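Engineer:
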Amino acid sequence: MQLRYVFSELGQGLRRNLSMHLAVVLTLFVSLTLVGLGVLFNQQATKAAEHWGSQLQITVFLCRADDGNPACAGEVTDAQRSEIETVVQENPEVADYHFESKEVAFEKVKELLGPERFEGPNPAATAEDLPESMWIELEDPEEYRGITSAVEGLDGVSQVRDMRQVIAPIIGSINMLQWVALGTAGFLVFAALLLVGNTIRLAAFARRKEIGIMRLVGASTLYIALPFLLEALVTALIGVLLAAGALAAFMYFGIEQRGNDQLKFMPWIGMEEYVVALGAVALLGPLLTVIPTLVLTRKYLKV
Amino acid sequence: MIRFDQVTKTYPGHPHAALDQVSVDVEKGEFVFLVGSSGSGKSTFLRLVLREYRPTSGRVYVAGKEINRLASWKVPRLRREIGTVFQDFRLLTNKTVSENVAFALQVIGKSRSDIATLVPETLEMVGLESKGERMPDELSGGEQQRVAIARAFVNRPMILIADEPTGNLDPTTSVGIMKLLDRINRTGTTVIMATHDAGIVDQMRKRVIELEDGRVVRDQVQGVYGIQN
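Protein chains in written order, with the working numbering: chain A, -3 to 299; chain B, 4 to 232.
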């Protein structure tokens, strides 16, 4: 097949309909970026849930001497401690547990916040200020409620903390971001489809004379539709590239610089997840332009 | 070459048939005038040959094939065997004369070397060898129609369909166009021409098929435009 005509038509078509193509490219760019973000958020939520889910532990803080919790009548007694231990031991959901003394807790705090504050004549805190605790590992991380309620009311227990409660709002926010991104993307994808449709309608109208002649002299449908398909692919490609750039910027400025540097308590998505999002975007972009083009060229360019 | 067998064509929403039980046989190499008032079914006849429409009933054969059964992806191949010329020329105004003629070959995938020989040859045949680089709107109506004929004939089709090709031209120019169509006919190409131009029909003395309300009311060898007793 002689493709000279097809390529000259392609260039001409892109120039002739520049404003429409620009509109398509920009809409595609924004909607694909949002789709990509949705995919990234989804993976981030999964990653966070997996991370905390797999090492889920419940921490039971025991009463201190001057505990803020009014249920504590003073420092936990040995009797109370062994009572708590019995309850934990007999619970079938518990895989393992261990006690952490005030001293160990104090060492951990010192390491986390820097030892210099806790040394010298006027330390910020001493081992006495910290509670003794019990760390419980579960058989199934999902089943944390039973053990929590079993331990909560016991004498000598100041507070039960499970990581799931701490991270639930974080995962919730990420999930919400994901749906907001995908939902907005849905509207924009619809707008992009309409724009692509209109662009083809305009292009078919602008070329109606050529198309009429091509049909009469026996050009194949594919040959007539090819400039339209290539235009669709070119606009999709530009849209995908722009979205890839925007997502890369998000990964760098949003994740690398902020998440990884400042919010280290949680594992962050990286290159692998970016490639997945990019794959989704690279697949969706051409589909969004080529499918309406195929449908509409069948309608407008029927032989 | 073209055979209509009891062909009826009714358009959706129109109670009257545009063509009503039409049976016609056109041999290879014939020159046929299709006459009749506006709305008599001439254009429908030509469009059925081009397979722009399918008949409501009956069969249309072109070059031995029953084309109402032709799969739509085979239609382009059929049309490569048919050249078409219109009253309004339908040239591409942003292309030169040569480019207009070459366009018909490019889009069906002819090689560059074929185009390089066929285009000048055909332009010479229609008498426009010196005007290949002109733009269509620099030419007279008659010259533009010659370009359109060159484009229709450049692929050497078996059939040439002309829908009122002299409708926009003065009588002298029309004679030139008719001479050209006659020459093309002499190369063995079957020519079917729909026309209102009585003078031309009378002068040429070719076969005349007259349509009225979608029916063939006259089919006459060496006929004239009006009814002859």
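Quick reminder that beta carbons are idealized off the backbone N, C-alpha and C, glycines included.
Because the structure is a prediction, the values reported are computed rather than measured.
Between the region 220 to 235 of chain A and the region 280 to 292 of chain A, are three or more C-beta pairs nearer than 8 Å?
Structural biologist: yes
Engineer: Exposed or buried, what is A:Arg294 when buried is set at 16 or more other beta-carbons lying within 10 Å of its beta-carbon?
Structural biologist: exposed
Engineer: Does the distance from the C-beta atom of B:Gly32 to that of B:Thr198 stay below 9 Å?
Structural biologist: no
Engineer: Would you mind working out which of A:Val271, A:Arg211, A:Ala232, A:Thr217 sits nearest A:Val185, comparing C-alpha positions?
Structural biologist: A:Val185 has its Cα closest to that of A:Ala232, out of A:Val271, A:Arg211, A:Ala232, A:Thr217.
Engineer: At the level of alpha carbons, what is the spacing between B:Lys12 and B:Asp23?
Structural biologist: 7 Å
Engineer: What do you reckon, are the CB atoms on B:Met138 and B:Lys98 nearer than 9 Å?
Structural biologist: yes
Engineer: Provide the residue(s) that pair with A:Glu96 in DSSP beta bridges, ordered along the chain.
Structural biologist: A:Ser129
Engineer: Whole-angstrom Cβ separation of A:Thr73 and A:Leu243, contact assumed at under 8 Å?
Structural biologist: That belief does not hold up - the Cβ atoms of A:Thr73 and A:Leu243 are roughly 57 Å apart, past 8 Å.
Engineer: What three-state label does DSSP hand B:Ala74 in the structure shown?
Structural biologist: Three-state DSSP puts B:Ala74 in coil, outside helix and strand.
Engineer: What does DSSP give as the partner residues of B:Phe36 in its beta bridges?
Structural biologist: B:Met196, B:Val211
Engineer: Mind pulling the beta strand (DSSP E) runs of 3 or more residues that sit fully within the region 39 to 94 of chain B?
Structural biologist: 60 to 65, 85 to 89
Engineer: Is the number of C-beta pairs between the region 50 to 67 of chain B and the region 109 to 129 of chain B that are closer than 8 Å three or more?
Structural biologist: no
Engineer: Does B:Ile5 come within less than 9 Å of chain A when only Cβ atoms are used?
Structural biologist: no
Engineer: Curious, which full-length alpha helix (DSSP H) runs of at least 4 residues does the region 176 to 251 of chain A contain?
Structural biologist: 204 to 213, 217 to 245
Engineer: Is the region 74 to 90 of chain B close to the region 37 to 54 of chain B, with three or more CB pairs under 8 Å?
Structural biologist: yes
Engineer: In three-state DSSP terms, what is B:Asn232?
Structural biologist: Caution is warranted here: a pLDDT of 46 is assigned to B:Asn232, below 50, making its placement in the model unreliable, and no coordinate value can be reported.
Engineer: Please state whether DSSP places A:Glu107 in a helix, a strand or coil.
Structural biologist: helix
Engineer: For B:Ser143, which three-state DSSP category applies?
Structural biologist: Three-state result, B:Ser143: coil.
Engineer: Quick one: using the 10 Å Cβ neighbour count with 16 as the cut-off for buried, is B:Ala21 buried or exposed?
Structural biologist: buried
Engineer: Measure the Cβ-Cβ separation of B:Asp200 and B:Tyr228 and say whether it is below 9 Å.
Structural biologist: Result yes, Cβ atoms of B:Asp200 and B:Tyr228 sit closer than 9 Å.
Engineer: Taking the alpha-carbon of A:Tyr270 as reference, which of A:Met247, A:Ile234, A:Asn38 has the nearest alpha-carbon?
Structural biologist: Comparing Cα positions, the closest option is A:Met247.
Engineer: Report the rounded CA-to-CA distance for A:Gly168 versus A:Phe201, giving the unit in angstroms.
Structural biologist: 49 Å
Engineer: Rounded to the nearest angstrom, how far is the Cβ of B:Glu167 from that of B:Gly39, given a contact under 8 Å?
Structural biologist: Rounded to whole angstroms, the Cβ separation of B:Glu167 and B:Gly39 is 12 Å, and the two are not in contact under 8 Å.
Engineer: From the beta carbon of B:Val78, is the nearest beta carbon of chain A less than 9 Å away?
Structural biologist: For B:Val78, the answer is yes, since a Cβ of chain A falls inside 9 Å of its Cβ.
Engineer: Does any CB atom of chain B fall closer than 9 Å to the CB of A:Gly7?
Structural biologist: no
Engineer: Is the region 100 to 108 of chain A close to the region 142 to 154 of chain A, with three or more CB pairs under 8 Å?
Structural biologist: no
Engineer: Does the region 89 to 108 of chain B come within contact of the region 205 to 215 of chain A, defined as at least 3 CB pairs closer than 8 Å?
Structural biologist: The answer is yes - the region 205 to 215 of chain A touches the region 89 to 108 of chain B, with three or more Cβ pairs under 8 Å.
Engineer: Rounded to whole angstroms, what is the Cα-Cα separation between A:Lys43 and A:Arg254?
Structural biologist: 17 Å
Engineer: Under the three-state reduction of DSSP, which class applies to A:Ser78: helix, strand or coil?
Structural biologist: helix
Engineer: Taking B:Ala107 as the query, report the chain A residues whose CB atoms sit under 8 Å from its CB, ordered along the chain.
Structural biologist: Ile209, Val213
Engineer: Using a 10 Å radius around the Cβ and a threshold of 16 neighbouring Cβ atoms, would you call B:Glu69 buried or exposed?
Structural biologist: By the neighbour-count rule (16 or more Cβ atoms within 10 Å), B:Glu69 is not buried but exposed.
Engineer: Can you tell me which residues form a DSSP beta bridge with B:Lys12?
Structural biologist: B:Leu22
Engineer: Got a sec: which bits of the region 158 to 186 of chain B sit with their beta carbon under 8 Å from any beta carbon on chain A, in order along the chain?
Structural biologist: Flagged, chain order: Asn158.
Engineer: I need the straight-line Cα distance from B:Ile195 to B:Val29, nearest angstrom please.
Structural biologist: 9 Å
Engineer: Report the partner residues of A:Thr55 according to the DSSP bridge assignment.
Structural biologist: A:Trp131, A:Arg157.
Engineer: So B:Thr198 contacts chain A; which residues on that side make the cut at Cβ distance below 9 Å?
Structural biologist: The contacting residues do not exist; B:Thr198 stays about 19 Å from chain A at best.
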